[in-house]
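Just so we're aligned: the sequence shown equals residues -30 to -1, 1 to 153 in mature numbering (1 follows the signal peptide of the UniProt record, and there is no 0). Ideal Cβ positions, reconstructed from N, Cα and C, are used throughout, including at glycine. The structure appears right after this line, and notes come after that.
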Amino acid sequence: MAIPLLPSTSRVLNILAAVVLLFAGTTAQGGEATYADPAGHFTLAHPDDWKVAGSPGEVELYGDRIASSMRFIVHPLEGLPTHDPDTLIELMLEGMLTTYRDVERTGPKTATLAGQTMTLIQFQGMSTRPITVAREGALYLTTTGTHLVAADYSIPQAAAAEILPQVEAVLESFTLADGNPGL
């Protein structure tokens, strides 16, 4: 017969599990893995200990720190509410920053990502979900005539010195597929 955990024991175990998750990435660096978009639009390299949630044309990556994330999208313009890059940027930022307060934005600037000239907007603010924490991030976006190409990331400011080099390496590895119509 199993002995049920007392509420205080369960709470202690939850706290210990959270501590293990927070510090898991501070030990030895792992290897690298490659993600290939099932739709064939892009590839990228990422640390092999990051979680990956992908679907055709989109992938989300979650780093070794709680709530660090990256997203890459290559989506046909057909079916989007607009084809105007400036409006698409505002719509994507609005969606990304719904749980932020005190947001400061810089940009737009021009940046190159995946061989494409993109608009770059950087931001920082207080995220209120899942916990209130100072965060920073960026959104890269362009349209190719037939597709939206976008990448974004959001990381805790307190861990930026540790995580940002990994984020930059993933961004640099983002490659659009050759022979893809319109890309």
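Taking 8 Å as the cut-off, the Cβ atoms of His45 and Leu146 do not count as close. Relative to the Cα of Ser97, the nearest Cα in the group Gly65, Thr69 and Asp7 belongs to Thr69.
With distances taken between CA atoms, Glu60 lies nearest to Leu111 out of Leu141, Leu111 and Gly115. Residue environment for Val22: exposed (fewer than 16 other C-beta atoms within 10 angstroms of its C-beta). By alpha-carbon distance to Gly115, the top candidate from Gly65, Gln136, Thr87 and Arg41 is Thr87.
Counting C-beta atoms within 10 angstroms of its own C-beta, Asp18 has fewer than 16 neighbours from the protein chains shown and is therefore classed as exposed. Straight-line spacing of the CA atoms in Leu118 and Ala130 works out to 28 Å. Assignment of Ala84 by DSSP, reduced to helix, strand and coil, places it in the coil class.
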